[in-house]
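Enquirer: Below is a structure I'd like to ask you about.
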Amino acid sequence: MESLFDIQNPGFKDILTYGHVQIPKEGITFIKGPSGAGKSTLLKLLNASVSPSSGALFYKGRNLAEMDTVTLRKEVILIGQNVYLFDLSIRENFHEYYRYREMDTPSDETIQKYLKLCHLDFDLNASATSMSGGERQRVYIAICISLAPEVILMDEPTSALDLTTSKALLADLKVFAKEKGMTMVIVSHDDALSASFADHIIDVKKGGA
0 MESLFDIQNP
10 GFKDILTYGH
20 VQIPKEGITF
30 IKGPSGAGKS
40 TLLKLLNASV
50 SPSSGALFYK
60 GRNLAEMDTV
70 TLRKEVILIG
80 QNVYLFDLSI
90 RENFHEYYRY
100 REMDTPSDET
110 IQKYLKLCHL
120 DFDLNASATS
130 MSGGERQRVY
140 IAICISLAPE
150 VILMDEPTSA
160 LDLTTSKALL
170 ADLKVFAKEK
180 GMTMVIVSHD
190 DALSASFADH
200 IIDVKKGGA
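For the sequence shown, numbering that gives the first Met the number 0 gives the first residue as 0, with consecutive numbering after it.
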């Protein structure tokens with residue numbers, strides 16, 4: 000199995016220490032562990048939102064510390080629990096993120112396809128300000144996967160969803176990732192979901208992996 004990320008004993012602020020872990024290319028890797036173990040921090044390390052205080056992380060054989068972060072984050076997108084959407088309509092939010100990347104905004108039909116993939120049924124004129132936190136996160140997921148990055152990092156994408164919707168969302172995302180050759184890394188506290196949908200599991204202990 001080809002390795003995409005090679006995590007070589009990184010530490011973070013002398014609080015967290017991770018072991019030597021590899022994340023394979025393609026498929027879905029789940030990161031699980033107790034609260035405060037550093038799962039979310041590991042996601043941030045993977046797209047260089049934060050830097051390790053020791054050790055190193057490699058992406059496609061390149062040390063993240065030596066990579067251009069803007070280029071990296073176009074390939075490796077992090078979707079946190081609190082996402083940023085403009086106080087605009089869904090269509091306009093897609094437009095703003097595509098404009099930032101100097102890409103043409105997709106058609107309404109294509110936008111609706113990605114919303115449906117994320118189990119959302121909204122008019123494209125609907126304002127992001129009227130949505131719940133879980134709905135906003137899924138709109139952001141729809142935007143991000145439509146950008147076709149190589150890697151999507153997601154922090155608790157199902158935390159605001161009921162079990163039925165959680166399973167349906169992850170099932171559809173897994174099929175999508177396989178079709179597109181995309182790698183997804185998901186932090187989840189739900190062992191049942193990781194057991195059902197993970198191709199690979201990283202178990203982070205208290206204080207790091």
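Quick reminder that beta carbons are idealized off the backbone N, C-alpha and C, glycines included.
Just so you know, these numbers come straight off a predicted model, no measurement behind them.
Based on Cα-Cα distance, which residue from THR164, LEU162, THR182, ARG61 lies nearest to MET153?
Expert: Counting from 1 along the sequence shown, the entry for residue 153 is found at position 154. Residue THR182 is the option with its Cα nearest to MET153.
Enquirer: Let me check understanding here. Comparing Cα to Cα, which of THR128, ALA125, ALA141 lies closest to LEU169?
Expert: Working through the sequence shown from its first residue, we reach residue 169 at position 170. LEU169 has its Cα closest to that of ALA141, out of THR128, ALA125, ALA141.
Enquirer: At 3 residues or longer, what runs of the beta strand (DSSP E) sit wholly inside the region 102-156?
Expert: Listed in chain order, they are 150-154.
Enquirer: What residue range is occupied by the uninterrupted alpha helix (DSSP H) comprising TYR58?
Expert: Looking up residue 58 in the sequence shown gives position 59. From DSSP, TYR58 is part of no alpha helix (DSSP H) but of the beta strand (DSSP E) over 53-58.
Enquirer: Taking the alpha-carbon positions, what's the GLY26 to VAL186 distance?
Expert: The residue given as residue 26 occupies position 27 in the sequence shown. The residue given as residue 186 occupies position 187 in the sequence shown. Each residue's alpha carbon lies about 14 Å from the other.
Enquirer: Determine the extent of the alpha helix (DSSP H) in which PHE175 is found, giving its start and end residues.
Expert: For the purposes of this step, residue 175 is identified with residue 176 of the sequence shown, where counting begins at 1. Taken as a continuous stretch (DSSP letters only), the alpha helix (DSSP H) holding PHE175 covers 162-179.
Enquirer: Can you tell me the Cβ-Cβ gap for VAL138 and LEU119, rounded? I've got them flagged as a contact below 8 Å.
Expert: For the purposes of this step, residue 138 is taken as residue 139 along the sequence shown, with counting starting at 1. For the purposes of this step, residue 119 is taken as residue 120 along the sequence shown, with counting starting at 1. So it is a contact: roughly 7 Å between Cβ atoms.
Enquirer: For LEU172, which option in GLU1, ASP13, ASP190, ILE144 has the closest C-alpha, if you only look at C-alpha atoms?
Expert: Sequence index remark: in the sequence shown, residue 172 carries index 173 (1-based). The option with the nearest alpha carbon to LEU172 is ILE144.
Enquirer: Comparing C-alpha positions only, which one of THR70, ASP202, SER158, LYS166 sits nearest to PHE196?
Expert: Within the sequence shown, residue 196 is the residue found at index 197, counting from 1. Nearest of THR70, ASP202, SER158, LYS166 to PHE196, Cα basis: LYS166.
Enquirer: Leaving out five residues before and five after PRO148 in sequence, what residues of the same chain have Cβ atoms less than 6 Å from its Cβ?
Expert: The residue labelled residue 148 in the question sits at position 149 within the sequence shown. The residues are GLU74, ILE76.
Enquirer: Say whether chain B places a C-beta atom closer than 8 Å to the C-beta of MET102.
Expert: Protein chain content of the structure displayed is limited to a single chain, and chain B is not contained in it.
Enquirer: Pop quiz: ILE30 and LEU15 are said to be a contact at Cβ under 8 Å. What is the actual Cβ separation, rounded to whole angstroms?
Expert: Within the sequence shown, numbered from 1, the residue matching residue 30 stands at position 31. Within the sequence shown, numbered from 1, the residue matching residue 15 stands at position 16. 13 Å between Cβ atoms; not a contact.
Enquirer: Please name the residue, chosen from ASP13, PHE4, HIS19, that lies closest to VAL203 on a Cα-to-Cα basis.
Expert: Taking the first residue of the sequence shown as 1, we reach residue 203 at position 204. When each option's Cα is compared against that of VAL203, the closest is HIS19.
Enquirer: Can you tell me which of TYR58, LEU63, LYS59 puts its alpha carbon nearest to the alpha carbon of SER50?
Expert: For the purposes of this step, residue 50 is taken as the residue at position 51 of the sequence shown. Of the candidates TYR58, LEU63, LYS59, the one whose C-alpha sits nearest the C-alpha of SER50 is LEU63.
Enquirer: Can you tell me the Cα-Cα spacing of LEU84 and SER48, whole angstroms?
Expert: Position 85 of the sequence shown, counting from 1, holds the residue named residue 84. Position 49 of the sequence shown, counting from 1, holds the residue named residue 48. Roughly 18 Å between the two C-alpha positions.
Enquirer: With 16 other CB atoms within 10 Å as the buried threshold, where does GLY37 fall?
Expert: Here residue 37 refers to the residue found at position 38 of the sequence shown. Counting Cβ neighbours within 10 Å, GLY37 comes out buried, since at least 16 surround it.
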